[in-house]
Amino acid sequence: MNDHAIFEDVAEGKTDSLSSYLNSGGDANLMDHELNCPIIFHAVLVGNLSAVQKLIESGANVNFIAQEPGSDILAETVLSLAMQCRHLMDFEKFDPIVQLLQKHGAIDEI
Numbered sequence: 329m330n331d332h333a334i335f336e337d338v339a340e341g342k343t344d345s346l347s348s349y350l351n352s353g354g355d356a357n358l359m360d361h362e363l364n365c366p367i368i369f370h371a372v373l374v375g376n377l378s379a380v381q382k383l384i385e386s387g388a389n390v391n392f393i394a395q396e397p398g399s400d401i402l403a404e405t406v407l408s409l410a411m412q413c414r415h416l417m418d419f420e421k422f423d424p425i426v427q428l429l430q431k432h433g434a435i436d437e438i
């Protein structure tokens, strides 16, 4: 599976595909070089709790600081992104993600 395909699968909620990718040695901190942020940002943005959990279990950095343009378009931290989505989109969907990230030591600002 190529890197671009795994980003699409996460966005589409294909958690089995993500599991296969990670189980075969895929990078839990795979970077989206267009947005300068890792795959966990994509999982949070679409509200994919299962993908966020799998990425954390596989070593994703919950305190990665996104660079431009991702920091401007999305947020600087994954927790900030989750909190924005919770507030602006769907509290019930995104609150478990916020709680999970906080449980694993995520910070909301740099």
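Count the sequence shown with my numbering and you get residues 329 to 438, in order.
Using N, Cα and C, we set each Cβ at its ideal position, and we do this for glycine too.
Being a predicted model, the structure only gives us computed values, none of them experimental.
Helix, strand or coil for Met-417? Go by DSSP, reduced to three states. Three-state result, Met-417: coil.
Could you tell me whether the Cβ atoms of Phe-392 and Thr-405 are closer together than 9 angstroms? In this structure, Thr-405 lies closer than 9 angstroms to Phe-392 by Cβ.
Just to confirm, is the Cβ distance from His-370 to Phe-422 under 9 angstroms? Taking 9 angstroms as the Cβ cut-off, His-370 and Phe-422 do not qualify as a contacting pair.
Which one of Ala-333, Leu-407, Gly-353 has the shortest CA to CA distance from His-432? Taking each of Ala-333, Leu-407, Gly-353 in turn and checking the Cα distance to His-432, the smallest one comes out for Leu-407.
C-alpha distance - Asp-355 paired with Ile-401, whole-angstrom precision: One Cα belongs to Asp-355, the other to Ile-401, and the distance between them is close to 23 angstroms.
Own chain residues within Cβ distance below 7 angstroms of Ile-435, not counting five before or after: Excluding residues within five positions, the ones whose Cβ falls inside 7 angstroms are Asn-391, Thr-405, Leu-407.
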